[in-house]
Amino acid sequence: MNRTRIGKLEDIPRQGSRIVNTEHGEIAVFRTVGDQVFALNNRCPHKGGPLAQGIVHGQRVTCPLHSWVIDLASGAAVAPDSGCAHRYDVLVEDGVLFLDPESRECKA
Numbered sequence: 021m022n023r024t025r026i027g028k029l030e031d032i033p034r035q036g037s038r039i040v041n042t043e044h045g046e047i048a049v050f051r052t053v054g055d056q057v058f059a060l061n062n063r064c065p066h067k068g069g070p071l072a073q074g075i076v077h078g079q080r081v082t083c084p085l086h087s088w089v090i091d092l093a094s095g096a097a098v099a100p101d102s103g104c105a106h107r108y109d110v111l112v113e114d115g116v117l118f119l120d121p122e123s124r125e126c127k128a
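Residue numbering for the sequence shown follows my numbering, beginning at 21 and increasing consecutively.
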């Protein structure tokens with residue numbers, strides 16, 4: 021995996037997020053209460069809302085603009101909505117976060 025160091029796990033609060041700027045644009049990196057880490061394009065598939073400003077609950081984030089719910093693992097909008105946010109792989113090694121800057125297709 022081609023990877024870029026993006027910080028430490030402790031830099032992101034549980035049930036929170038941070039933004040990483042890459043050559044591909046803004047990527048929102050999320051941390052769950054169970055310390056799982058996910059990364060998505062920071063644009064909601066609905067109207068482009070900033071997902072990093074959304075509310076993280078379980079393995080989902082709710083967009084702050086129109087309350088679309090996005091699955092963090094797949095990038096897919098939760099029914100009845102449809103659409104996808106590009107996702108990125110994140111590796112955690114000894115508390116350090118590494119991002120694969122190549123986006124992955126949404127796993128609907």
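We put the CB at the ideal spot given by N, CA and C, even for glycine.
All of these numbers come straight from a predicted model, not from anything done at the bench.
Helix, strand or coil, according to DSSP, for residue i in the structure here?
{"i": "E30", "result": "helix"}
{"i": "R80", "result": "strand"}
{"i": "G23", "result": "This sequence places Arg at residue 23; Gly is not what is there. Three-state result, R23: coil."}
{"i": "R63", "result": "coil"}
{"i": "D18", "result": "The structure shown does not extend to residue 18, since the chain is modelled only from 21 to 128, so the question has no answer here."}
{"i": "A93", "result": "coil"}
{"i": "E43", "result": "coil"}
Give me the DSSP bridge partner(s) of residue i.
{"i": "G36", "result": "R51"}
{"i": "L71", "result": "None, per the DSSP bridge assignment."}
{"i": "V116", "result": "K28, E113"}
{"i": "E122", "result": "Bridge partners of E122: none, in fact."}
Below 8 Å between beta carbons: does that hold for residue i and residue j?
{"i": "V98", "j": "F50", "result": "no"}
{"i": "A96", "j": "C104", "result": "yes"}
{"i": "L85", "j": "D55", "result": "no"}
Closer than 8 Å is the cut-off here; do at least three beta carbon pairs connect the region 48-66 with the region 99-110? yes
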